[in-house]
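Asks: Residue numbers for the sequence shown follow the working numbering, beginning at 311 and rising by one. Heads up, the beta-carbon is just placed ideally off N, CA and C, and yes, glycines get one too.
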Amino acid sequence: MTHREILEALSGLLLAMFVAMLSSTVVTNALPRIVSDLHGTQTGYTWVVVSTMLAMTVTTPIWGKLSDLFSKKLLVQLALVIYIVGSLIAAFAPSMEVLIGARVVQGLGVGGLTALVQVVIATMISPRERGRYSGYLGAVFALATVSGPLIGGVIVDSALGWRGCFFVGLPFAVAAFFLLQKTLHLPVVKRPVHIDYLGATLIVAGVSILLVWVSLAGNQFAWASTTTAVLVAVGVVVLVLAVYVEARVAVEPVIPLRLFRDRTIALATVASVMIGVAMFGSTVYLSQYFQTARGMTPTEAGLMSIAMVGGLFVSSIVSGRIISDTGRWKHWLVGGMVLVVIGLGLLGTIDETTSLVVIGAFMAILGVGLGATMQNLVLSVQNNVSLADMGSASSVVAFFRSMGGSIGVSVLGALLSTQVANRISDATGTPVDHESHDVPDMSTLSGPARLVVEHAFGASFGEIFLVATPFALVALVCVLFIREVPLRTSNLDAEAQASPEVAAELHTAIAIKP
311 MTHREILEAL SGLLLAMFVA MLSSTVVTNA LPRIVSDLHG TQTGYTWVVV
361 STMLAMTVTT PIWGKLSDLF SKKLLVQLAL VIYIVGSLIA AFAPSMEVLI
411 GARVVQGLGV GGLTALVQVV IATMISPRER GRYSGYLGAV FALATVSGPL
461 IGGVIVDSAL GWRGCFFVGL PFAVAAFFLL QKTLHLPVVK RPVHIDYLGA
511 TLIVAGVSIL LVWVSLAGNQ FAWASTTTAV LVAVGVVVLV LAVYVEARVA
561 VEPVIPLRLF RDRTIALATV ASVMIGVAMF GSTVYLSQYF QTARGMTPTE
611 AGLMSIAMVG GLFVSSIVSG RIISDTGRWK HWLVGGMVLV VIGLGLLGTI
661 DETTSLVVIG AFMAILGVGL GATMQNLVLS VQNNVSLADM GSASSVVAFF
711 RSMGGSIGVS VLGALLSTQV ANRISDATGT PVDHESHDVP DMSTLSGPAR
761 LVVEHAFGAS FGEIFLVATP FALVALVCVL FIREVPLRTS NLDAEAQASP
811 EVAAELHTAI AIKP
């Protein structure tokens, strides 16, 4: 494909990725208002986020495997339709329970978009050139991240209210659907299909049980309790069965375990979990910090995110360009993770009195680190697998990053709820139940009460970032041990790693001349 053909095909893909990112960021600044209007709790606040990530996490490897078997274009379009349905349900949700259910549906679509866009780009573009186009992907990620909170804040403060946040992504989703229909033309490799229904069911069930346990422990029941023991035991048993099915039974496993024999993939997987915990688990609560600890409006909280996203935008573009020129990527991963560790550690020092300029600088450091890390970690994995396994390998990284994010959001959300309740109890002398206390509407509080709440949230947010820092440090250690392999200059190099049958089918499908 020529550069122009690639850009035309990328237009719909990048718009689809924009939709996926926007679905999370546009709601960020609306969450305090949503929880207040629907009479939710801190646990409900967490679950509005976790439900989407849970659905996205458990379905990502399935979408990735399907992309190795069916038309990638149709699968991306299907994911867009699912996202549209979930958005419409969320926009009209009358209660927190319906909203959380709608966010699950949204998560199914977002999981498909997140996994499939990476796979399609990897199919079209060689690893050496991919860094150049990954910069575009990083730019879209940054644009959605910075514009989402701003758009969401403006909508929440307008006559549309928070429900308008779920309508805003629909025009982009429809446009992406028709753009893909017009511009994306990929060959479909025709071969016998064996869908691993049993493996997929066991993976979804096992991961879901453990994530539900992580989400509810500490709030609905104690970490050390009979309920914990039962959920953990059942989840582990189901996952052990899933591993057995994937290794011994499935003809086309959802997650091919042989991939983990490659050191790069194994280390990148562990790093992805840790990055998910550190990144999603901490940054998802930044908007709540600005609104509860600093008394900002949703629009003002959205403006504060520019610091982090600006750093992410610049580093993703610059690193992608230089990696394409040089073919070397490891020092970007290592440098990026060092900055992530430093950024989280610095944010661990903030409270309700910290200068906003200082907080912005800390967020910028974190953003630069994330921009140099996220896309390039996926690139390192894609460079080590055959074209036939591209979907599975790409989705494995996204799957474990999302799983880490779900764990991080749940655990750190439970920690935040407990710490805030304890601090309010200490300040007022009145016990506060951390399992059910409402997220306060700061505009309705009197002066003294507002100071108490601001201090409780401000001091607690710093602790969240401190807890997240060791996870980023583990990811840094994993990245240090990844062996750098120069980027391939052609996707076709991967054929040598595939079976003769697959190689022959690829030659036939893509009309390659030997």
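(1) So what's Ala731 in DSSP terms, helix, strand or just coil?
(2) Exposed or buried, what is Glu407 when buried is set at 16 or more other beta-carbons lying within 10 Å of its beta-carbon?
(3) Can you pull the DSSP bridge partners for Ala527?
(4) So for Tyr446, helix, strand or coil by DSSP?
(5) According to the Cβ coordinates, are Ala483 and Tyr355 closer than 7 angstroms?
(6) Output the distance between the C-alpha atoms of Thr574 and Ser321, rounded to the nearest integer angstrom.
(7) Between which two residues does the alpha helix (DSSP H) carrying His393 extend?
(8) In the DSSP assignment, find the alpha helix (DSSP H) that holds Ser634 and state where it starts and stops.
(9) Which same chain residues end up closer than 7 angstroms to Val580 when comparing Cβ atoms and leaving out the 5 residues on each side of it in sequence?
(10) Who are the near neighbours of Leu325 in its chain, counting only those whose CB is closer than 7 angstroms to its CB and skipping five residues on each side?
(11) Under 8 angstroms Cβ to Cβ from Val544, same chain only, skipping five residues before and after it: list those, please.
(12) Where Leu341 and Ser525 are concerned, what is the direct C-alpha to C-alpha distance, given to the nearest angstrom?
(13) In whole angstroms, what is the alpha-carbon distance linking Leu551 and Glu773?
(14) Have a look at Ser704 and Leu687 and give me their C-alpha separation to the nearest angstrom.
(15) Near Val337, which residues of its chain fall below 7 angstroms by C-beta distance, leaving aside the five closest residues on each side in sequence?
(16) Can you list, in chain order, the residues of its chain whose CB lies under 7 angstroms from that of Val478, leaving out five sequence neighbours each side?
(17) Can you find the residues in the same chain that come closer than 6 angstroms, C-beta to C-beta, to Gly646, ignoring five residues on each side of it along the sequence?
(18) Which residue marks the beginning of the alpha helix (DSSP H) containing Tyr554, and which one marks its end?
(19) Identify which residue in Leu388, Gln416, Val391 and Leu385 has its Cα closest to the Cα of Ala400.
(20) Using beta-carbon positions only, say whether Ile410 and Trp357 come within less than 7 angstroms of one another.
(21) Can you list, in chain order, the residues of its chain whose CB lies under 7 angstroms from that of Asn694, leaving out five sequence neighbours each side?
(22) Please state the DSSP three-state secondary structure of Arg558.
(23) Tell me where the alpha helix (DSSP H) around Ile675 begins and ends.
(24) Can you tell me whether Val290 is helix, strand or coil according to DSSP?
(25) Restricting to Cα atoms, I'd like to know which of Gly374, Pro371, His765 and Leu649 is closest to Ala671.
(26) Alpha carbon to alpha carbon, how far is Leu541 from Val721?
(27) Which residues bound the alpha helix (DSSP H) around Gln491?
(28) Could you compute how far the alpha carbon of Lys375 sits from the alpha carbon of Arg604?
(29) According to the Cβ coordinates, are Gly714 and Val583 closer than 7 angstroms?
(30) What would DSSP say about Leu496, mapped onto helix, strand or coil?
(31) Using the rule of at least 16 other Cβ atoms within 10 Å of the residue's Cβ for burial, across every protein chain shown, is Glu556 buried or exposed?
(32) In whole angstroms, what separates the C-alpha of Ser712 from that of Ala785?
(33) Quick check on this structure: which residue in Arg760, Leu761 and Lys383 has the alpha carbon closest to the alpha carbon of Ala319?
(34) Does DSSP put Ser346 in a helix, a strand or coil?
(35) Check Ile461 in the structure and name its three-state DSSP category.
(36) Roughly how far, in whole angstroms, is the beta-carbon of Ala578 from the beta-carbon of Ile792, given that I think they are within contact range, below 8 angstroms?
Replies: Taking the structure as given:
(1) One-based indexing of the sequence shown puts residue 731 at position 421. Looking at Ala731 - three-state DSSP - the assignment turns out to be helix.
(2) Here residue 407 refers to the residue found at position 97 when the sequence shown is read from its first residue. When all chains shown are included, Glu407 counts as exposed.
(3) Numbered from its first residue, the sequence shown carries residue 527 at position 217. Its beta-bridge partners are Phe531.
(4) Numbered from its first residue, the sequence shown carries residue 446 at position 136. Three-state DSSP puts Tyr446 in a helix.
(5) Position 173 of the sequence shown holds residue 483. Position 45 of the sequence shown holds residue 355. Going by C-beta atoms, Ala483 is not nearer than 7 angstroms to Tyr355.
(6) Within the sequence shown, the letter at position 264 stands for residue 574. Within the sequence shown, the letter at position 11 stands for residue 321. Straight-line Cα distance between these residues: approximately 31 angstroms.
(7) Taking the sequence shown and counting its residues from 1, one reaches residue 393 at position 83. The residue you asked about is not His; residue 393 is Tyr in the sequence shown. Its alpha helix (DSSP H) spans residues Lys382 to Ala401.
(8) By 1-based counting over the sequence shown, the position of residue 634 is 324. Taken as a continuous stretch (DSSP letters only), the alpha helix (DSSP H) holding Ser634 covers Ile616 to Thr636.
(9) As a first step, residue 580 is located in the sequence shown; it is residue number 270 there, counting from the start. Cys788, listed in sequence order.
(10) Sequence index remark: in the sequence shown, residue 325 carries index 15 (1-based). Correct list, in chain order: Phe482, Ala485, Ala486 and Leu489.
(11) Position 234 of the sequence shown, counting from 1, holds the residue named residue 544. Contacts found: Ile519.
(12) For the purposes of this step, residue 341 is taken as residue 31 along the sequence shown, with counting starting at 1. For the purposes of this step, residue 525 is taken as residue 215 along the sequence shown, with counting starting at 1. Near 18 angstroms, if we compare the C-alpha coordinates of Ser525 and Leu341.
(13) Locating residue 551 in the sequence shown gives position 241, counting from the first residue. Locating residue 773 in the sequence shown gives position 463, counting from the first residue. Between Leu551 and Glu773, the C-alpha separation is close to 37 angstroms.
(14) Here residue 704 is taken as the residue at index 394 of the sequence shown, counted from 1. Here residue 687 is taken as the residue at index 377 of the sequence shown, counted from 1. Approximately 10 angstroms, taken between the alpha carbons.
(15) Walking along the sequence shown from the start, residue 337 turns up at place 27. Only Gly462 and Cys475 meet the Cβ criterion.
(16) On the sequence shown, residue 478 is found 168 positions in, with the first residue counted as 1. Once the five neighbours on either side are set aside, the close Cβ partners of Val478 are Val336, Ile461 and Ile465.
(17) As a position in the sequence shown, residue 646 is number 336, starting the count at 1. Excluding residues within five positions, the ones whose Cβ falls inside 6 angstroms are Gly679, Ala682 and Thr683.
(18) Here residue 554 is taken as the residue at index 244 of the sequence shown, counted from 1. Taken as a continuous stretch (DSSP letters only), the alpha helix (DSSP H) holding Tyr554 covers Thr536 to Tyr554.
(19) For the purposes of this step, residue 400 is taken as the residue at position 90 of the sequence shown. When each option's Cα is compared against that of Ala400, the closest is Gln416.
(20) By 1-based counting over the sequence shown, the position of residue 410 is 100. By 1-based counting over the sequence shown, the position of residue 357 is 47. A contact, by the Cβ cut-off of 7 angstroms.
(21) Position 384 of the sequence shown holds residue 694. Correct list, in chain order: Asp572, Thr574, Ile575 and Val795.
(22) Locating residue 558 in the sequence shown gives position 248, where the first residue counts as 1. Looking at Arg558 - three-state DSSP - the assignment turns out to be helix.
(23) By one-based count along the sequence shown, residue 675 stands at place 365. Segment Leu666 to Gln692, the alpha helix (DSSP H) holding Ile675.
(24) What the structure shows of the chain is the stretch from 311 to 824, and residue 290 is not part of that stretch, so it cannot be assessed.
(25) The residue given as residue 671 occupies position 361 in the sequence shown. Minimum Cα distance to Ala671 is reached at Leu649.
(26) Locating residue 541 in the sequence shown gives position 231, counting from the first residue. Locating residue 721 in the sequence shown gives position 411, counting from the first residue. If you take the alpha carbons of Leu541 and Val721, they lie about 16 angstroms apart.
(27) In the sequence shown, the residue the question calls residue 491 occupies position 181. Its alpha helix (DSSP H) spans residues Leu480 to Thr493.
(28) The sequence position of residue 375 within the sequence shown is 65, counting from 1. The sequence position of residue 604 within the sequence shown is 294, counting from 1. Between Lys375 and Arg604, the C-alpha separation is close to 45 angstroms.
(29) On the sequence shown, position 404 is the one that residue 714 refers to. On the sequence shown, position 273 is the one that residue 583 refers to. Their beta carbons are under 7 angstroms apart, which means Gly714 touches Val583 by this criterion.
(30) Start at 1 with the first residue of the sequence shown, and residue 496 comes out as number 186. Looking at Leu496 - three-state DSSP - the assignment turns out to be coil, as it is neither helix nor strand.
(31) Mapped onto the sequence shown, residue 556 falls at position 246. Its Cβ being crowded by 16 or more others within 10 Å, Glu556 is buried.
(32) The residue you call residue 712 lines up with position 402 of the sequence shown. The residue you call residue 785 lines up with position 475 of the sequence shown. Their Cα atoms are separated by approximately 15 angstroms.
(33) Here residue 319 refers to the residue found at position 9 when the sequence shown is read from its first residue. For the residues Arg760, Leu761 and Lys383, the minimum Cα distance to Ala319 belongs to Lys383.
(34) Counted from its first residue, the sequence shown places residue 346 at position 36. Correct three-state label for Ser346: helix.
(35) Counting from one through the sequence shown, the residue named residue 461 turns up at place 151. Reduced to three states, the DSSP call for Ile461 is helix.
(36) As a first step, residue 578 is located in the sequence shown; it is residue number 268 there, counting from the start. As a first step, residue 792 is located in the sequence shown; it is residue number 482 there, counting from the start. Contact flag correct, Cβ pair sits at about 7 angstroms.
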